[in-house]
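A quick write-up on the structure given underneath.
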Amino acid sequence: MRRVGILLSGRGSNMMALVEQARGYEVALVASDKPDAAGLAWAVERELSTFALSPKGIGKLAYEAALDRALREAGVEVIALAGYMRLLSDALVATWRGRIVNIHPSLLPKYKGLDTHARAIAAGDTVGGCSVHIVTEELDGGEVLGSAKVPILPGDTPDTLAARVLIAEHRLYPRILSEFVNR
Ligand code: GAR
371 MRRVGILLSG
381 RGSNMMALVE
391 QARGYEVALV
401 ASDKPDAAGL
411 AWAVERELST
421 FALSPKGIGK
431 LAYEAALDRA
441 LREAGVEVIA
451 LAGYMRLLSD
461 ALVATWRGRI
471 VNIHPSLLPK
481 YKGLDTHARA
491 IAAGDTVGGC
501 SVHIVTEELD
511 GGEVLGSAKV
521 PILPGDTPDT
531 LAARVLIAEH
541 RLYPRILSEF
551 VNR
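Shown next as structure tokens:
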């Protein structure tokens, strides 16, 4: 069984989907750069191993060194970013080359970065979605492992579209992660 470490910064709904639909992998660690992240509390309640540390005050280098140590100590083989809103350093990406995946709320290569739903609506797109990709040094630029399309409806706001895409994320991510760790 492959051991996965999940990194999150917020409510952690994708982490919950990865935990609840785990097949072919087990969640060995849930880690956050935000010690008060809602998702972290959920993981603690579930008695999952957790790690929380803010880079504030100690700097990115020391923060990532501690994170890397915690991941290794937990026996993590693959890292899944799930709403982790911080850029990993090139050094950390290189250390874990090809073993970090991320879910992004757009049909990559469209709309890398932030505000994906607002940009899709502003462009007049009729289809949006989400993608799971390998993390490289290029923001949202690594190989796409799988994606799911979602209709953009007349009158959609970034919030209504985000809610529809999130449902697709929760279906897509566990399936693609399972395929990835066992490929
Ligand atoms: C998700 O929509 C995820 O795709 C997005 O943040 C949300 C996190 O929600 N990720 C990014 O924008 C990454 N750049 P969650 O905390 O409930 O999983």
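Numbers in this note's numbering are just positions in the sequence shown, counted from 1, shifted up by 370. Ideal Cβ placement from N, Cα and C applies to all residues, glycine included. This structure is a prediction, so every number in the text was calculated from the model and none was measured.
Counting C-beta atoms within 10 angstroms of its own C-beta, Asp510 has 16 or more neighbours from the protein chains shown and is therefore classed as buried.
Contact between the stretch 483-496 and the stretch 529-548 is present: 3 or more CB-CB pairs across the two stretches fall below 8 Å.
Taking a C-beta distance under 7 Å as the contact criterion, Lys480 and Val497 do not qualify as a contact pair.
A straight-line Cα-Cα distance of about 6 Å links Tyr395 and Arg373. Secondary structure remark: continuous beta strand (DSSP E) runs of at least 3 residues inside the stretch 407-445, in chain order: 420-422. Ranked by Cα distance from Ala398, the options Pro475, Val446, Leu523, Leu457 are led by Val446.
The closest heavy atom of the ligand GAR lies 6 Å or more from the beta carbon of Ile470.
Residue state for Pro521 is assigned as strand, using DSSP reduced to three classes. Of all alpha-carbon atoms in Ala408, Val414, Ala411, Asp403, the one lying nearest the alpha-carbon of Gly427 is that of Asp403. Put simply, the backbone Cα of Ser424 is about 9 Å away from that of Lys430.
Of Ser379, Pro524, Arg456, Ala422, the smallest CA-CA separation from Ala440 is found for Ala422. The three-state reading of DSSP puts Tyr395 in strand, counting E and B together. Look at Leu478 here: in three-state DSSP terms it is coil, with no helix or strand label. It is roughly 24 Å from the alpha-carbon of Ala411 to the alpha-carbon of Arg545. Remark: the shortest separation between the CB of Arg381 and any heavy atom of the ligand GAR falls under 6 Å. Residue state for Arg373 is assigned as strand, using DSSP reduced to three classes. Boundaries for Val505: no beta strand (DSSP E) harbours it, and the DSSP string shows neither H nor E there. Counting other Cβ atoms within 10 Å of its Cβ, Thr527 stays below 16 and is therefore classed as exposed. Look at Ala492 here: in three-state DSSP terms it is helix.
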